[in-house]
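Below: one structure, written as structure tokens.
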Amino acid sequence: MKILDKQLWKDLMQYLISPDRPVNSIILPARSVLIPELPVREKEPFSTIITNEHIAEISSWIDRKPSTYTYFTSWIDRKPSTYTYFTSWIDRKPSTYEFQLILRGSRDGFAPQTFWDKCHGHFRTVVIMKVKGTDEIFGGYNPLAWNANVNVNTWVETKDSFIFSLKNGNIENSILSRVKESEYAFSNMSKDSQKSVGPYFGEDFFMYSSSSNFTLDQSCGYRIWGYYEKPITTTKNFSIVDYEVFKVIKKTS
Numbered sequence: 002m003k004i005l006d007k008q009l010w011k012d013l014m015q016y017l018i019s020p021d022r023p024v025n026s027i028i029l030p031a032r033s034v035l036i037p038e039l040p041v042r043e044k045e046p047f048s049t050i051i052t053n054e055h056i057a058e059i060s061s062w063i064d065r066k067p068s069t070y071t072y073f074t075s076w077i078d079r080k081p082s083t084y085t086y087f088t089s090w091i092d093r094k095p096s097t098y099e100f101q102l103i104l105r106g107s108r109d110g111f112a113p114q115t116f117w118d119k120c121h122g123h124f125r126t127v128v129i130m131k132v133k134g135t136d137e138i139f140g141g142y143n144p145l146a147w148n149a150n151v152n153v154n155t156w157v158e159t160k161d162s163f164i165f166s167l168k169n170g171n172i173e174n175s176i177l178s179r180v181k182e183s184e185y186a187f188s189n190m191s192k193d194s195q196k197s198v199g200p201y202f203g204e205d206f207f208m209y210s211s212s213s214n215f216t217l218d219q220s221c222g223y224r225i226w227g228y229y230e231k232p233i234t235t236t237k238n239f240s241i242v243d244y245e246v247f248k249v250i251k252k253t254s
């Protein structure tokens, strides 16, 4: 099989003997090889609603600290929905919190039933929601497990739950309201109620939708029933832009 023609062989031999002499063959430029570049994989944000500073503030409330933790972050296991937050305070005792995303409305859907399907059995959870048409961010913390298998709506007692509003935009200060009537801290909903009711903190703060979509009918609400210590807003009824539920995992070194 002929690979190189006769003239090219002569020119090659000539070049080896006398590199400076001109050759008769047409010398083409070297071929360039294009190396395909892989598309950059964007990391999913840990939240579409809250910031790292909000996470530090909520963490300090969970631990009943008088001041907000200093905030450091590290992406430990590189899972897109799992982030680890390192916090420390004045006495430098370390604490590690992993906030693991369980549910995001814009990703998983806004039907109340989705909340119970996704959050059943999870304990130490934080519910976060962004109110439509305002800068308001509301939320609640439940240290115990949500239970989707009750036959009737059932109050659950705990002294460690709280509800809150977070500083954001024109809202300059966060408000923390701890449970006061601990026997009515939150409610697990029956199968029938799960079609329209999501997380329910006392009678004070709840997510509800008769149209099975929290973004539509301005039926989520806040009431001053006194089950929690103080008001977190003057807004009574609202729809949401998005909401998220995180499982809070505490690790100590």
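For reference, each letter of the sequence shown is one residue, going 2 to 254 in this note's numbering. In this text, a Cβ means the ideal position worked out from N, Cα and C, and glycines have one as well.
Excluding its 5 nearest sequence neighbours in each direction, Phe124 has C-beta neighbours in its own chain below 7 Å: Pro144, Leu145 and Ala146, listed in chain order.
In the displayed model, Ser107 falls within a helix according to three-state DSSP. DSSP, reduced to helix, strand and coil, places Pro113 within a helical segment of the structure shown. For Trp62, there is no enclosing beta strand (DSSP E); the residue is found in the alpha helix (DSSP H) stretching over Asn53 to Ile63.
Runs of the beta strand (DSSP E) lying entirely within the segment 182-207, each at least 3 residues long, are 187-189 and 198-202 in chain order. When the five nearest sequence neighbours on each side are left out, the beta carbons in the same chain lying within less than 6 Å of the beta carbon of Val128 are those of Gly140, Gly141, Pro200 and Val246, in order along the chain.
A check of alpha carbon separations from Glu184 across Tyr229, Lys192, Phe215 and Ser178 identifies Tyr229 as the nearest. The Cβ atoms of Asn154 and Ser188 sit closer than 9 Å to each other. Around the Cβ of Trp117, a 10 Å sphere holds 16 or more other Cβ atoms; the residue is buried.
Under the Cβ criterion (8 Å, minimum of three pairs), the segment 54-68 does not count as touching the segment 208-228. Between Thr115 and Leu102, the gap from beta carbon to beta carbon reaches 9 Å or more. Taking all protein chains in view, the Cβ of Lys131 is crowded by 16 or more other Cβ atoms within 10 Å, so the residue is classified as buried.
Shown here, Lys160 sits in coil according to DSSP, grouped into three states, outside any helix or strand.
Pairing Phe111 with Leu217, the inter-Cα distance amounts to about 9 Å.
Per DSSP, Gly141 is one residue of the beta strand (DSSP E) stretching across Ile138 to Asn143.
Looking only at Arg65, Glu137, Pro40 and Val157, the smallest Cα-Cα distance to Glu204 is reached by Val157. As DSSP reads the structure, Asp243 sits in a beta bridge with Lys131. In the assembly as shown, Glu38 is an exposed residue. Its beta-carbon has fewer than 16 other beta-carbons within 10 Å. Ranked by how close their Cα comes to the Cα of Thr159, the residues Asn171, Ser166 and Val180 have Val180 in first place. In the three-state scheme derived from DSSP, where H, G and I count as helix and E and B as strand, Ile18 is classed as helix.
For Arg179, the enclosing beta strand (DSSP E) stretches over residues Ile176 to Arg179.
Per DSSP, the unbroken beta strand (DSSP E) holding Gly222 starts and ends at Cys221 to Tyr223. In the three-state reduction of the DSSP assignment, Leu13 falls in the helix class, which pools H, G and I.
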